[in-house]
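Note sheet for the following structure.
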Amino acid sequence: MGLFSLLKITEAFCEKCQVVLPQEQLNQFDSTIRDEKDGGEYKSVCRNCLMDEFHNALKNFTFRAIMVHPLKKLDGMAYQYYPFQEMPEYEWTQEQIEEFKKFLPPEDAHCEECENHAQFNWCSPDIYFHDIFSQKINTTGEFSQEYLCSECLFKKFKEFIEKEDIYFNAEFFPPYDGDGLGTSFED
Ligand SMILES: [Zn+2]
Ligand SMILES: [Zn+2]
17 MGLFSLLKIT
27 EAFCEKCQVV
37 LPQEQLNQFD
47 STIRDEKDGG
57 EYKSVCRNCL
67 MDEFHNALKN
77 FTFRAIMVHP
87 LKKLDGMAYQ
97 YYPFQEMPEY
107 EWTQEQIEEF
117 KKFLPPEDAH
127 CEECENHAQF
137 NWCSPDIYFH
147 DIFSQKINTT
157 GEFSQEYLCS
167 ECLFKKFKEF
177 IEKEDIYFNA
187 EFFPPYDGDG
197 LGTSFED
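Going by the working numbering, the first residue of the sequence shown is number 17, and it counts up by one from there.
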């Protein structure tokens, strides 16, 4: 009985495919953006199902974005998307927002992998010196940046989190509503 209760505490189910997995490997997909957006969904899912949801969100995203490689070191891992027009609500200054915008792919950019239209800059966390909380932006641009279409961005993002064994147990906001920045964040 004791062992049974212990297992119940540490194991969890993916709400989509029902796979059993350790609690800390559940990802909190939230396209409601904490109830700010109509028509979104909140689900606790395994990494494969999270990537399916992310893939669908990318297909419906028509804007441009800087997507920073997720960091593993943060506790209560989150990956959040901020449309630039909403960033002032999160204490970013207009000057900082303008600096970020310079790293968007140009409107006519082509994917470095497949030549399709590139909506994304898949970018090193050097863009903020590996510390989102510093609120400092590396304006030199001397770090890894790849202009990618949504399919190639999806592939690289998925490969990256599988290789680094990253889970988003705090929350995961897919891109929505406008040009912006996707970044790791702590809960
Ligand atoms: Zn699943
Ligand atoms: Zn591509």
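All C-beta atoms, glycine included, are put in the ideal place defined by N, C-alpha and C.
Item                                                                                                                                         : Value
Name the one or two DSSP bridge partners that H126 has.                                                                                      : H133
Quick one: Cα of A28 to Cα of Y95, how far?                                                                                                  : 21 Å
Output the boundary residues of the beta strand (DSSP E) element that contains L66.                                                          : Run containing L66: none in the beta strand (DSSP E); it sits in the alpha helix (DSSP H), R63 to K75.
Assign R63 to one of two classes, buried (16 or more other C-beta atoms within 10 Å of its C-beta) or exposed (fewer than that).             : buried
Is C130 close to ligand 2? I mean its beta-carbon at under 6 Å from any heavy atom of the ligand.                                            : yes
Please report the residue range of the beta strand (DSSP E) in which I177 lies.                                                              : No beta strand (DSSP E) contains I177, which is instead part of the alpha helix (DSSP H) from S166 to E180.
What is the DSSP secondary structure of T199, reduced to helix, strand or coil?                                                              : strand
Can you give me the start and stop residues for the alpha helix (DSSP H) that F45 sits inside?                                               : No alpha helix (DSSP H) contains F45, which is instead part of the beta strand (DSSP E) from N43 to D46.
Determine the contact status of F79 and D195, defining contact as a CB-CB distance below 7 Å.                                                : yes
Less than 6 Å between C-beta atoms, sequence neighbours within five positions excluded: which residues of the same chain meet that for E187? : Q44, D46 and A94
To the nearest angstrom, report how far apart E123 and Q135 are at their CA atoms.                                                           : 8 Å
What number of angstroms, rounded off, separates the C-alpha of M83 from the C-alpha of K174?                                                : 13 Å
Check each candidate in L87, M103 and I153 and name the one with the smallest Cα separation from F176.                                       : L87
How is Q112 classed by DSSP in three states: helix, strand or coil?                                                                          : helix
Whose C-beta lies closer than 8 Å to the C-beta of A73 among residues of the same chain, with five residues either side of it excluded?      : S47, P190, P191 and Y192
Say the cut is 6 Å; is the CB of C168 nearer than that to a heavy atom of ligand 2?                                                          : yes
Tell me whether the beta-carbon of F170 lies closer than 7 Å to the beta-carbon of H71.                                                      : yes
Could you give the distance in angstroms between the alpha-carbon of C127 and the alpha-carbon of C165?                                      : 5 Å
For D54 and E31, I'd like the C-alpha separation in whole angstroms.                                                                         : 21 Å
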